[in-house]
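Asks: In this note's numbering, the protein residues as written are 338 to 757.
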Ligand code: LLP
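#1: Hey, could you find the ends of the alpha helix (DSSP H) residue 522 is sitting in?
#2: State yes or no: is the C-beta of residue 514 nearer than 7 Å to some heavy atom of the ligand LLP?
#3: Taking the Cβ atom as the reference point for each residue, do residue 536 and residue 461 lie within a distance shorter than 8 Å?
#4: Mind checking which residues open and close the alpha helix (DSSP H) that includes residue 781?
#5: Is the beta carbon of residue 730 less than 8 Å from the beta carbon of residue 379?
#6: What residues are listed by DSSP as bridge partners for residue 678?
#7: Using only alpha-carbon positions, find the residue among 415, 414, 440 and 413 that is nearest to residue 295.
#8: Determine the direct distance from the alpha carbon of residue 422 to that of residue 591, and round the result to whole angstroms.
#9: So, under 8 Å CB-CB, residue 692 and residue 648 are touching, yes? Tell me the CB distance rounded to an integer number of Å.
#10: When you compare the segment 598-614 with the segment 386-397, are there three or more beta-carbon pairs, one atom per stretch, that lie closer than 8 Å?
#11: Since residue 488 is in the beta strand (DSSP E), which residue starts that stretch and which ends it?
#12: Does the Cβ of residue 501 have 16 or more other Cβ atoms within 10 Å, making it buried, or fewer, making it exposed?
#13: Looking at the strands, I want to know which residues DSSP matches up with residue 610.
#14: Where do the N-terminal and C-terminal ends of the beta strand (DSSP E) with residue 534 fall, by residue?
#15: To the nearest angstrom, report how far apart residue 544 and residue 520 are at their CA atoms.
#16: Using a threshold of 8 Å, state whether the C-beta atoms of residue 700 and residue 652 are closer than that.
#17: Can you say whether residue 368 is buried or exposed, counting buried as having 16 or more other CB atoms within 10 angstroms of its CB?
#18: Tell me whether residue 542 is buried or exposed, calling it buried when 16 or more other Cβ atoms sit within 10 Å of its Cβ.
#19: Let's see if you can read the secondary structure: which residues bound the alpha helix (DSSP H) around residue 393?
#20: For residue 701, does the three-state DSSP call read helix, strand or coil?
#21: Compute every distance between the C-beta of residue 594 and the non-hydrogen atoms of the ligand LLP, then say whether any falls below 7 Å.
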């Protein structure tokens, strides 16, 4: 069951609500439209997969930091994975239990580490200097910080290089051969830091679960080595990264259950608590960016559908050449012919496209057009380039459309210059 589907009348629906009706009711375009129930279902899929095992699902807030969404995930029992001090502050504000929060990152700042230490969140050690800062933070607040070592298992996730992170020349984590140095450092600072586990994150958009298994095998070997030196490590954090069906081809992709099943025995064999850090697989498919068609034009052999949304609201196609499925929200006019279009925005960049070479019926001016799977890394990566203001967000909650974030206005922007 998926939240966005075509009805028998040819209109696109979100949980029983006609997207065309939402467009007419809201005062703004483009906007993001989510299904609250789909978020719940996505989380339940992880919960079901992890049933009966000791585990923490830490939602990677960077994927989507809408406060209402964070509160909803927290209410469902989710933890949070943070990569900046502000993400940590927002997670605390949303009410996440600090004991289910993990602070990640290769450039964590001392002030933010102090806050993390104070609140008792897990901190991943990323480098020598990071360890030094964590020790300093522990001393500042007078508390022992629970840490995991982020190790690069050097497993190729077979994804776009910009979203691969666990290879040996990555800027993240520590190299295997430095493990002993870190263990010695942890021993030296045993009154400031408490080594409770290991972490890895291979990359994002991964569609083969064997990759997680390969990494988990290496990681439990590290755990064996670490335990052999007397450390009581309890947590294996295998990161996030599970991909989704962006192409809408109906291809059978691994589910959270498939992912957990590939590592379950390994985790049990070492009596570990599993931490998993999904972002995309929790939130991507719960949302569409809803746009209006400004017009259609042709240059030479190229046909363009120009919409009001752009790379400012949704940068993944421009940045990674990512494919996100595009469709019209209402049935085409009877005489509309299907052509191959680039779907582009109004931003002054040739890189401003949402989709290339898409077969679509020629839309009328003002028609609605959605970019699917826009829940992850879309709004959270939006900018105000060309003074396109960040759009409002709505979700469908039990058949009602509810605003969950205001759109930004030019007044909000101008306020930043007040009193200067
Ligand atoms: N844990 C760590 C340490 C991460 O770096 C990430 C994502 C996650 C968890 C969550 O990964 P996910 O389950 O969402 O794949 N902007 C890119 C994706 C960047 C991912 C960064 N790290 C995109 O739009 O595809």
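Virtual Cβ for every residue (Gly too), placed ideally from N, Cα, C.
Replies: Considering the structure as presented:
#1: For the purposes of this step, residue 522 is identified with residue 185 of the chain shown, where counting begins at 1. Start and end: 516-525.
#2: Looking up residue 514 in the chain shown gives position 177. Not so, every heavy atom of the ligand LLP lies at least 7 Å from the Cβ.
#3: Here residue 536 refers to the residue found at position 199 of the chain shown. Here residue 461 refers to the residue found at position 124 of the chain shown. Yes, Cβ-Cβ distance for residue 536 and residue 461 is below 8 Å.
#4: The structure shown has nothing for residue 781, since the chain only spans 338 to 757.
#5: Working through the chain shown from its first residue, we reach residue 730 at position 393. Working through the chain shown from its first residue, we reach residue 379 at position 42. Not a contact, by the Cβ cut-off of 8 Å.
#6: The residue given as residue 678 occupies position 341 in the chain shown. BP columns for residue 678 point to 640 and 695.
#7: Lying before the first or after the last residue shown, residue 295 is absent from the chain, which here runs from 338 to 757.
#8: Taking the first residue of the chain shown as 1, we reach residue 591 at position 254. Taking the first residue of the chain shown as 1, we reach residue 422 at position 85. The C-alpha of residue 591 lies about 33 Å from the C-alpha of residue 422.
#9: As a working note, residue 692 is residue 355 in the chain shown. As a working note, residue 648 is residue 311 in the chain shown. Contact doesn't hold; Cβ gap of about 12 Å is too wide.
#10: yes
#11: Within the chain shown, the letter at position 151 stands for residue 488. Residue 488 -> beta strand (DSSP E) spans 482-489.
#12: On the chain shown, position 164 is the one that residue 501 refers to. By the neighbour-count rule (16 or more Cβ atoms within 10 Å), residue 501 is buried.
#13: Residue mapping note: residue 610 aligns to position 273 of the chain shown, counting from 1. The bridge partners DSSP lists for residue 610 are 572.
#14: In the chain shown, residue 534 corresponds to position 197, counting from 1. It spans 530-536 - the beta strand (DSSP E) in which residue 534 sits, taken as one unbroken run.
#15: The residue you call residue 544 lines up with position 207 of the chain shown. The residue you call residue 520 lines up with position 183 of the chain shown. Cα to Cα, residue 544 sits roughly 33 Å from residue 520.
#16: Locating residue 700 in the chain shown gives position 363, where the first residue counts as 1. Locating residue 652 in the chain shown gives position 315, where the first residue counts as 1. Result no, Cβ atoms of residue 700 and residue 652 do not sit closer than 8 Å.
#17: Against the chain shown, residue 368 aligns to sequence position 31. Flag for residue 368 reads buried.
#18: On the chain shown, position 205 is the one that residue 542 refers to. Of the residues assessed, residue 542 falls on the buried side of the cut-off, its CB having 16 or more other CB atoms within 10 angstroms.
#19: Stepping through the chain shown from its first residue, residue 393 is reached at position 56. That residue, residue 393, is in no alpha helix (DSSP H); its beta strand (DSSP E) goes 392-397.
#20: Locating residue 701 in the chain shown gives position 364, counting from the first residue. It is coil, neither helix nor strand.
#21: As a working mapping, residue 594 is identified with position 257 in the chain shown. No.
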